[in-house]
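S.K.:
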Amino acid sequence: MARTALVTGGSRGIGAAISQALKAQGCNVAATYAGNDEAAAKFTEETGIKTYKWNVGSYEDSAAGIAKVEEEMGPIDIVVANAGITRDAPFHKMTPQQWQEVIDTNLTGVFNTVHPIWPGMRERKFGRVIVISSINGQKGQFAQVNYAATKAGDLGIVKSLAQEGARAGITANAVCPGYIATEMVMAVPEKVREAIIGQIPAGRLGEPEEIARCVAFLASDDSGFINGSTISANGAQFFV
Ligand code: CAA
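My numbering puts the sequence shown at residues 14 to 253.
(1) Within the segment 59-143, note down every full beta strand (DSSP E) run reaching 3 residues or more, in order along the chain.
(2) Return yes when at least one heavy atom of the ligand SAH lies under 6 Å from the C-beta of N149, else no.
(3) Check whether the segment 100-113 touches the segment 159-170, taking contact to mean three or more Cβ pairs, one atom from each stretch, closer than 8 Å.
(4) Tell me whether T121, by its Cβ, gets closer than 6 Å to a heavy atom of the ligand CAA.
(5) Under 8 Å Cβ to Cβ from K36, same chain only, skipping five residues before and after it: list those, please.
(6) Please list the terminal residues of the continuous alpha helix (DSSP H) segment that includes S32.
(7) Please identify the residue among G26, T243, K106 and D90 whose C-alpha is closest to the C-alpha of N49.
(8) Around the Cβ of A249, are there at least 16 other Cβ atoms within 10 angstroms (buried) or fewer (exposed)?
(9) Check whether the Cβ atoms of A246 and P190 sit closer than 7 Å, and answer yes or no.
(10) Go through the segment 147-203 residue by residue and report every complete run of the alpha helix (DSSP H) that reaches 4 residues or more, in order.
(11) State the beta-bridge partners of S245 as determined by DSSP.
(12) Looking at the strands, I want to know which residues DSSP matches up with A43.
(13) Does the beta-carbon distance from T64 to A53 come in below 7 Å?
(14) Kindly indicate which three-state DSSP category I145 falls into: helix, strand or coil?
(15) So who's on the other strand from G219, going by DSSP bridges?
(16) Below 7 Å between beta carbons: does that hold for L231 and T163?
(17) For F124, tell me which candidate among G133, E83 and G166 has the shortest Cα-Cα distance.
(18) Under 7 Å between the Cβ atoms of Q168 and A194?
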């Protein structure tokens, strides 16, 4: 029977590639987005993947959105917490608002996404939770005190969920992408981006599909004994 998958931030960037990879693997996929109606409509038109709009930073919106997805598509077996934002600034210039926005989306957003789905996974004795963290959660990054804190926190969530879910047939794993050719990375000033590429032994940015293939494997029934792990996909830029 086809599995049902939810991908937050699933209509653009790495999330769009993940949604498509899961669909290609035979899943029924729901992709969420926060604001860009036009991009979401285009994504649905091109891929046939249904999109839902809510703010992952709100627990009420997430719970209501998830209830709607489950009503329309059935119980969610696979959840990919991918939605993420940056508000980069050197620490001495970082505002409390820049801190809070990133915490709300990248860290609390993972809680808000997984928590409403978790009881059903426990009851059905199956679940795949995959959180998209980042190389910068592993190593820290200049101008990303907020982002690095959330992405490191995401790894703590996964390691704890793995222990709680293991006996209920639920796995929780993280993928830490390095620098991938998405709008987020293209927003970094060109000179800085070129310097970053110079630090990647592979000599290039990664492709969203290279991350999506890691997620598709973790989402599959074959990955059941991989639990609490982190896959680093960064072109050898950083080893844990
Ligand atoms: N390491 C060391 N120094 C750095 C640096 C770095 N990575 N990046 C910038 N600097 C230095 C600059 O050279 C400059 O130094 P000087 O003052 O001596 O010239 C200083 O820091 C910049 O100071 P400014 O006051 O001019 O900084 P700003 O307020 O204009 O902010 C910035 C600029 C936001 C830091 C910008 O440089 C930037 O966006 N940097 C990239 C940060 C980054 O890598 N973000 C990752 C985004 S992609 C992502 O997050 C996805 C993922 O998971 C991998």
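All residues carry an ideal CB built from backbone N, CA and C; glycine is no exception.
Everything numeric in this text was worked out from a predicted model, so none of it was measured.
M.R.: The answer reads as follows:
(1) 63-66 and 91-94
(2) Among the ligands in the structure shown, the ligand SAH does not appear; only the ligand CAA can be found there.
(3) yes
(4) no
(5) V42, T60, G61 and I62
(6) G26 to A37
(7) G26
(8) exposed
(9) yes
(10) 148-152, 158-178 and 196-199
(11) C189
(12) L19 and K63
(13) yes
(14) strand
(15) I193
(16) no
(17) G166
(18) The sequence given here has Leu at residue 168, not Gln. No.
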